[in-house]
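Numbering-wise (my numbering), the sequence shown opens with residue 431 and increments by one. Where is the CB? At the ideal position from N, CA and C, for every residue including glycine.
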Amino acid sequence: MTDTPATPDSGPAGAGPERVHVPIPLRWGDLDALGHVNNTSMLKLLEEARLRAFWRGDDDGIPLPTAVFDMSVLESGGERATLIARQEIEYLRPVPYSQRPLDVRLWIGAMGGSSADICFEVFSPTGSDEPVLYARATVVVVLVDTASGRPIRWSSAEREAWAPYIGDPIDYRRRSARG
431 MTDTPATPDS GPAGAGPERV HVPIPLRWGD LDALGHVNNT SMLKLLEEAR LRAFWRGDDD
491 GIPLPTAVFD MSVLESGGER ATLIARQEIE YLRPVPYSQR PLDVRLWIGA MGGSSADICF
551 EVFSPTGSDE PVLYARATVV VVLVDTASGR PIRWSSAERE AWAPYIGDPI DYRRRSARG
């Protein structure tokens, strides 16, 4: 199976922020007894998309403009790390197994001093007759100093790289209050 590289996409004019498209292949182990991707596997798929979109590795070829973190800091015990503060997923349809990678689209729904809301839409594989939106998610990432564990501010280079991808957050459907 070939793995196509992640790509930025400006989309139609006036359609909002640019999106990063990250192809994420499914593994047989992602499925549950019902034959679709298990809800807990979705968190791992989103993690993989986030790492490919924001971290540069030695074997990446041409990195995305959003890939501002260097994987070598993980090996050397770097001074900064990103932590997950919150995750929210809205499952819209079961995700069936496919040998073609899912099309995970990312953008930044909010940018704080040391945090960012990373928004995701998980679609059927690119090239499908009619794109199917399976899930939407938001992951709040916080940048911290590894020595103190305290939040630190995003750099101007990070903010500049991510600026084209900042847009509206996901508007989730809400359950009605129980009476």
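Spell out the partners DSSP gives residue i in its beta bridges.
i              : result
tyrosine 521   : Ala565
tryptophan 458 : Answer is none; tryptophan 458 lacks a bridge partner.
alanine 463    : Note: alanine 463 sits in no beta bridge, so no partner.
glutamate 551  : Arg535, Arg566
alanine 546    : Met541, Val571
threonine 512  : Leu573
proline 526    : His466
Is the separation between the beta-carbon of residue i and that of residue j shorter than 8 Å?
i              : j             : result
alanine 479    : leucine 522   : no
tryptophan 584 : proline 447   : no
valine 534     : valine 452    : yes
valine 571     : alanine 546   : yes
glutamine 517  : leucine 456   : no
glycine 465    : threonine 576 : no
isoleucine 454 : proline 561   : no
arginine 604   : glutamate 520 : no
Ends of the beta strand (DSSP E) at residue i?
i              : result
serine 471     : That residue, serine 471, is in no beta strand (DSSP E); its alpha helix (DSSP H) goes 469-484.
isoleucine 596 : Looking at the DSSP string, isoleucine 596 is not in any beta strand (DSSP E), and its letter there is neither H nor E.
For the alpha helix (DSSP H) holding residue i, just list the boundary residues, first then last.
i            : result
arginine 589 : 586-592
From this set, the options, which residue's C-alpha is nearest residue i's C-alpha?
i              : options                        : result
leucine 481    : Leu461, Val450, Arg583         : Val450
valine 467     : Thr512, Thr576, Gly542, Val552 : Val552
valine 525     : Asp601, Asp598, Arg603, Asp460 : Asp460
isoleucine 596 : Val562, Cys549, Arg580         : Cys549
isoleucine 514 : Ser528, Glu477, Asp559         : Glu477
threonine 556  : Ser544, Gly579, Gly543, Gln529 : Gln529
arginine 580   : Pro455, Gly539, Gly543         : Gly543
arginine 510   : Trp485, Ala591, Val562         : Trp485
tryptophan 592 : Gly539, Ile519, Ala567         : Gly539
aspartate 462  : Met541, Tyr527, Asp598         : Tyr527
proline 594    : Ile582, Ser558, Met541, Leu563 : Met541
alanine 567    : Ala483, Pro599, Trp458         : Pro599
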